[in-house]
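What follows is a single structure, written as structure tokens, with notes after it.
In my numbering, the protein residues as written are -18 to 490.
The following block contains the structure:
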């Protein structure tokens, strides 16, 4: 069974009467995934153009093709459209029966905090007995099924397939990270969002956006997808997010530490820095799902950092709007243990290690502010450069790290390009290295640099003393950092053990 080709053609504005009445059994923009009966959509990419693989798709059994240009004849119908990215989103949504219309989809966007906020909200809903679907950086999961995440926001065809699966599982809610790339490339064009969350907008993604202004405009495009009768929760404390307030057509509820926020975060004085705070609503707030009552709700987090209070406030606000009981929100936040590589804390003997996927100035701020509250003797920082993200991004990051070296004393600052530990899409170029180290030099900070991640981490262990804190920073280049560091630590401890005497070894056998 499938969807008739003429029906799909009509979605694109083509005359259905000119096409054969054949069923399409699947849709993809990846020629390697084409099976007999599929519709192949040729999408131009930054590295490869799908139009170059039309022939391969036909050989694999594609029953029709959608393209922006047709350079040569094809053995199957070829439907021309001005924008195949948007066409893919519209076709996939129709093919799977517009699954998001049967779900409450909560889209979470922002430079930082998307993953933690999404996972917090998902955990609250599960704690409240409302199993939800989760789509994001870490994984895609629903009920007992988990799928690896290749992109923060999946391609439109894969995204609609997952939403259809969630609908089939009987889920009511879907919590979804919405990346700027996902917005820019139209992956979310066919999704109907019930709620939007904007965590912040800070300097990043200069490699994929022409300017910071374009980046902000891209975030706004997502928020503009929400109808006037829908609700956006927006971080009142963030300048970038706040700049969009006058332009949004959806109903807006603000949250933050600032007393002008509709929902206020009030840290508990007796437990300063511990993650305890009050979520305060001074007057009833109207959302499209009902009214949030005035309340002062005490909440406790296991997570480090005031930025995670903001993430938790956003998750709690959406949960309240969905009708989750306050006691379930309290339980959900209190039992949430965190997200992999988001300020994860672990010990190696008498060393404290914090592992964070910090990758831009704002996330550096959050990480350093958080670790400054942890007891430690000296601070050893290991940073993995960002690969294939432009020299400009790396220079900006260098200046941000240098800024923190002046506020907190780094007993050692070690860097790595993680050669051999990242894929081709994340390799650090010579130009990026040059830009990074010229930025450090301009700010008066020096680093011990090691091309290989293992060597950098070995150097960190070599200079760390009892009571010190090792801070691992970086995105893809530091993804294996914890495992490598733990292996190095185990080897170091094994080397310190006294050698067994030969006769003792024989006796033990």
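Each residue gets a CB set at the ideal place from its N, CA and C atoms; glycine is no exception.
If you're wondering where the values come from, they're calculated on a predicted model, not measured in any experiment.
Asked, Found
"Straight-line gap, residue 254 to residue 379 (C-alpha atoms, nearest Å)", "Interpretation of residue 254 is limited by its pLDDT of 47, a score under 50 that renders its predicted location unreliable; the figure taken from the coordinates is listed afterwards. Straight-line Cα distance between these residues: approximately 27 Å."
"The stretch 467 to 481 touching the stretch 368 to 377, judged by at least three CB pairs closer than 8 Å", "no"
"Distance, residue 5 Cα to residue 37 Cα", "18 Å"
"Other residues of its chain near residue 359: CB distance less than 6 Å, five sequence neighbours each side excluded", "392, 449"
"Pairwise C-alpha distance: residue 218 and residue 550", "The requested residue 550 does not occur in the structure, where the chain is confined to residues -18 to 490."
"Spatial distance of residue 168 from residue 66 (CA atoms)", "7 Å"
"CB of residue 370 within 9 Å of CB of residue 395, strictly", "no"
"Which of helix, strand or coil DSSP assigns to residue 209", "coil"
"Strand pairing of residue 216, partner residues [DSSP]", "236"
"Opposing strand residues paired with residue 277 [DSSP bridges]", "261"
"Alpha-carbon spacing of residue 157 relative to residue -3, whole angstroms", "34 Å"
"Closest residue to residue 146 among 164, 351, 78, 213 (Cα-Cα distance)", "78"
"Nonlocal neighbours in the same chain, by C-beta distance under 8 Å from residue 222, ignoring five residues either side", "91, 179, 180, 181, 182, 215, 216"
"Segment contact flag, the stretch 24 to 39 with the stretch 50 to 60, C-beta cutoff 8 Å, min 3 pairs", "yes"
"Alpha-carbon spacing of residue 276 relative to residue 261, whole angstroms", "6 Å"
"Distance, residue 434 Cα to residue 137 Cα", "35 Å"
"Helix, strand or coil at residue 51 [DSSP, three-state]", "coil"
"Same chain, Cβ closer than 6 Å to residue 490, neighbours up to 5 away in sequence not counted", "Bear in mind that the predicted position of residue 490 carries a pLDDT of just 44, short of 50, making it too unreliable to give a figure here."
"At least 3 beta-carbon pairs within less than 8 Å: the stretch 289 to 303 vs the stretch 331 to 338", "no"
"Spatial distance of residue 292 from residue 285 (CA atoms)", "11 Å"
"Beta-carbon contacts of residue 402 that lie in its chain and below 7 Å, excluding the five residues immediately before and after", "434, 458, 461"
"Beta carbon of residue 171 nearer than 9 Å to that of residue 45", "no"
"Local Cβ density within 10 Å of residue 72, reported as buried at 16 or more and exposed below that", "buried"
"Distance between residue 236 and residue 247 (C-alpha atoms, nearest Å)", "11 Å"
"CA-to-CA distance, residue 326 to residue 351, given in whole angstroms", "11 Å"
"Presumed contact (8 Å Cβ cut-off) between residue 47 and residue 74, rounded CB distance", "Rounded, the Cβ-Cβ distance is 14 Å, inconsistent with contact."
"Inter-residue spacing [alpha-carbon to alpha-carbon] between residue 337 and residue 142", "31 Å"
"Distance between beta carbons of residue 35 and residue 23, contact taken as under 8 Å", "6 Å"
"Burial state of residue 343 (16 or more Cβ within 10 Å)", "buried"
"For residue 399 and residue 426, believed in contact at Cβ under 8 Å, the rounded distance", "So it is not a contact: roughly 20 Å between Cβ atoms."
"Burial state of residue 239, where buried means 16 or more other Cβ atoms lie within 10 Å", "exposed"
"Burial state of residue 50, where buried means 16 or more other Cβ atoms lie within 10 Å", "exposed"
"Cβ shell of residue 362 (< 6 Å), same chain only, five flanking positions each side left out", "391, 394, 452"
"3 or more residues per run - each beta strand (DSSP E) lying fully within the stretch 430 to 468", "450 to 454"
"Touching by the beta-carbon criterion (3+ pairs, under 8 Å), the stretch 188 to 208 and the stretch 108 to 122", "no"
"Sequence-distant residues of its chain with Cβ nearer than 6 Å to residue 252 (five each side left out)", "Caution applies to residue 252, whose pLDDT of 47 falls short of 50 and renders its modelled position unreliable; the model cannot decide the point."
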